[in-house]
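Its first residue numbered 11, the sequence shown is counted upward by one per residue in my numbering.
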Amino acid sequence: MKNITIPLKDFLPNITKKEREFINQEKKYYQIVVSLKKKRKELGLTQKKLSDLSNIPRTTITRVESGSRNATLQTLMSLAHAMGSTFELKLT
Numbered sequence: 011m012k013n014i015t016i017p018l019k020d021f022l023p024n025i026t027k028k029e030r031e032f033i034n035q036e037k038k039y040y041q042i043v044v045s046l047k048k049k050r051k052e053l054g055l056t057q058k059k060l061s062d063l064s065n066i067p068r069t070t071i072t073r074v075e076s077g078s079r080n081a082t083l084q085t086l087m088s089l090a091h092a093m094g095s096t097f098e099l100k101l102t
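Rendered as structure tokens:
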């Protein structure tokens, strides 16, 4: 199967409002995951060390950081807490 790449600027005008909302939600989740990974690296923590600090399996951390698993809110909060940070969720 051949992969086809469409530039985002060509794709966005052709999506529905519902699809656009879904994409925006996915972007927000991705930004959270990127922030967690960035914080871990800034602190010089390996995934194993973060696993030890948070009591979350290293494999779960790997999957969350790679985007192959959606983390629960509890997992995100536990990871943030283990790194001395807070995780805030805002409803608008």
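Even for Gly, the Cβ is constructed at its ideal location relative to N, Cα and C.
Q) When the distance is taken between beta carbons, is Lys48 closer than 7 Å to Glu75? A) no
Q: Would you identify the three-state DSSP class for Asn34, choosing helix, strand or coil?
A: helix
Q: Take Thr15 and list the residues in its own chain whose beta-carbon comes closer than 6 Å to its own, dropping the five residues that flank it on each side.
A: none
Q.
Taking the alpha-carbon of Ile66 as reference, which of Lys51, Gln35, Met93 has the nearest alpha-carbon?
A. Met93
**Q.** Beta-carbon gap between Gln57 and Arg73 smaller than 7 Å
**A.** no
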